[in-house]
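What follows is one structure encoded as structure tokens, with my remarks underneath.
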Amino acid sequence: MLAKESYFCDSPSDIIGQLFMQIDGKDDEKIDESDVGNRGARFDVLKSGNQVRDIDSKYLALTSKLDNAKNKFGEITDSKSRTLLDNSKGWKNPQKKWKQWVDQMCEIYGEMWKVTGLYEAIIGSTYEIKKDREMVLGLVEWWCPETNTFVFPWGEVTTTLEDVMLIGGLSVLGKPVTTCLSGDLVNIKDEMIKQFRICYKSKWKKVHHSAWMNQFMGNNLELEYVAFLAFWLSRFVFHVYPKDIICKKVFPVAIRLAQGIQIAFAPAVFASIYRDLRVLINHVFNNSGTLCVWAPFQIMQIWAYKRLPTLRSESKSLRPGEPRMARWHKLNSSSDLKILRFHMSSPKNF
Numbered sequence: 001m002l003a004k005e006s007y008f009c010d011s012p013s014d015i016i017g018q019l020f021m022q023i024d025g026k027d028d029e030k031i032d033e034s035d036v037g038n039r040g041a042r043f044d045v046l047k048s049g050n051q052v053r054d055i056d057s058k059y060l061a062l063t064s065k066l067d068n069a070k071n072k073f074g075e076i077t078d079s080k081s082r083t084l085l086d087n088s089k090g091w092k093n094p095q096k097k098w099k100q101w102v103d104q105m106c107e108i109y110g111e112m113w114k115v116t117g118l119y120e121a122i123i124g125s126t127y128e129i130k131k132d133r134e135m136v137l138g139l140v141e142w143w144c145p146e147t148n149t150f151v152f153p154w155g156e157v158t159t160t161l162e163d164v165m166l167i168g169g170l171s172v173l174g175k176p177v178t179t180c181l182s183g184d185l186v187n188i189k190d191e192m193i194k195q196f197r198i199c200y201k202s203k204w205k206k207v208h209h210s211a212w213m214n215q216f217m218g219n220n221l222e223l224e225y226v227a228f229l230a231f232w233l234s235r236f237v238f239h240v241y242p243k244d245i246i247c248k249k250v251f252p253v254a255i256r257l258a259q260g261i262q263i264a265f266a267p268a269v270f271a272s273i274y275r276d277l278r279v280l281i282n283h284v285f286n287n288s289g290t291l292c293v294w295a296p297f298q299i300m301q302i303w304a305y306k307r308l309p310t311l312r313s314e315s316k317s318l319r320p321g322e323p324r325m326a327r328w329h330k331l332n333s334s335s336d337l338k339i340l341r342f343h344m345s346s347p348k349n350f
């Protein structure tokens with residue numbers, strides 16, 4: 001008797017990755033952490049014992065096409081690996097006073113964060129994840145923009161919405177990111193814009209993160225929490241040009257969060273990762289000058305550490321109440337691109 005098995009990938013076939021996506025997450029299915037990343041892209045196989053009877057011919061054609069592309073990508077990244085991700089603007093580590101501000105706000109709003117799905121994401125932003133360029137580039141070499149999957153010789157895998165939720169601590173449940181304010185909330189937004197303009201009058205003509213923190217941390221108690229959330233959103237969730245500035249577009253989101261409204265951030269961040277993987281591929285093949293990507297690739301790097309345990313440094317043990325990001329706090333890891341290619345070619349290492 002032939003047993004038919006199907007493997008499915010929950011990833012969308014084409015995600016543009018705009019900054020704010022109107023996605024309302026409603027799936028409250030319980031997720032087993034051990035299952036994260038184990039789903040491959042969809043392809044059906046017929047097995048009789050250990051013999052694979054049928055493999056989708058389109059998959060074979062795709063792997064052949066990507067193998068040639070990967071060789072070209074490898075030749076380029078070997079020479080560019082040290083600089084290719086230098087302009088990764090989404091890879092943000094905490095500023096010196098950020099943990100202090102988080103601790104102060106957590107004493108007041110910590111329980112609310114747990115209810116609205118913010119706790120792990122905000123606490124996780126206080127940890128520093130060291131950039132492993134070779135690990136990220138090693139994955140990008142296998143990326144297929146047509147299917148939004150990593151196409152390895154032995155099959156397809158991809159990061160999923162579950163990975164963003166579990167690793168980044170971002171909620172898949174809640175209201176859409178883009179929703180108009182009404183009533184008294186509009187007045188709060190107007191006051192935030194006034195405060196923004198006060199900072200903007202500085203000689204830099206930009207509201208830098210440090211200036212924003214200095215203005216609100218421990219001051220202006222009525223608006224401090226909204227300002228705190230606006231800082232977190234601008235630095236750690238929605239990365240915008242130019243870097244390290246407060247973006248007025250996040251004010252409505254920060255105001256709704258301050259009211260205890262749960263918002264689904266994971267889909268928007270997930271989309272940005274897919275978008276910038278496509279940008280990296282196009283940049284390398286088109287040799288299109290300066291590269292700038294904004295996705296939080298530290299999530300993908302940690303996903304790779306979880307999927308490639310033989311290549312990662314030993315992670316730290318979690319203490320009660322710590323988010324998953326704490327496992328890799330200041331963990332020094334520098335992978336070798338050639339060794340990565342060898343290990344990624346074998347399913348035994350996943």
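Letter by letter, the sequence shown follows residues 1 to 350 of UniProt numbering.
Even glycine gets a Cβ: it sits at the ideal position worked out from N, Cα and C.
With respect to the C-alpha of W294, the residue from A227, T179, R275 and C180 having the closest C-alpha is R275. From the listed residues Q100, V269, K130 and F150, the smallest Cα separation to M213 is found for Q100. For Y119, the closest C-alpha among the options V279, G321, V269 and A227 is that of G321.
The DSSP-derived three-state label of K97 is coil. The beta carbon of V140 is closer than 6 Å to those of L280 in its chain, skipping five residues each way along the sequence. Of the residues K206, H208, P347 and G174, the one whose Cα lies closest to the Cα of P267 is G174.
As a beta-bridge residue in DSSP terms, I263 pairs with K175. In this structure, I299 and G168 form a Cβ contact; the two beta carbons are roughly 5 Å apart against a cut-off of 8 Å. Assigned with DSSP and collapsed to three states, H329 falls in strand. Nearest neighbour of W91 by Cα position, chosen from Q259, A271 and V237, turns out to be V237. Contact annotation: A254 and L221 have beta-carbon atoms that are not nearer than 8 Å. Counting along the chain, G138 sits inside the alpha helix (DSSP H) bounded by residues R133 to V140.
Of the candidates C144, F251 and V284, the residue whose Cα lies closest to the Cα of E224 is F251. Counting of Cβ neighbours within 10 angstroms places P347 among the exposed residues, the total staying below 16. In this structure, DSSP gives I246 a state outside helix and strand, which the three-state scheme calls coil. The beta carbon of D132 lies closer than 7 Å to those of Q301, S333, S334 and S335 in the same chain, with the five residues before and after it left out.
For W143, the secondary structure class from DSSP, reduced to helix, strand or coil, is strand. The shortest CA-to-CA distance from V115 to any of K249, I273 and I263 is the one to I263. Residue N349 holds the alpha-carbon nearest to the alpha-carbon of L311 among V284, N349, R324 and K330.
A straight line joining the alpha-carbon of I129 with that of K248 spans about 27 Å. Distance from the Cα of P176 is smallest, within the candidate group D103, I123 and V269, for V269. Cβ neighbours of K316 within its own chain (closer than 6 Å, five residues either side excluded): R327.
Per DSSP, reduced to three states, the secondary structure at T149 is strand. Straight-line measurement puts the Cα of V151 at about 14 Å from the Cα of F342. Under the 10 Å beta carbon count, R278 is surrounded by 16 or more other beta carbons and is classified as buried. V293: not part of any alpha helix (DSSP H); DSSP gives it neither H nor E. Approximately 3 Å separates the beta-carbon atoms of G117 and S171; this is inside 8 Å, confirming the contact. Sorting S345, F231 and N282 by C-alpha distance to the C-alpha of E146 places N282 at the top. Membership of V157 in any alpha helix (DSSP H) is not indicated; the residue belongs instead to the beta strand (DSSP E) covering G155 to V157.
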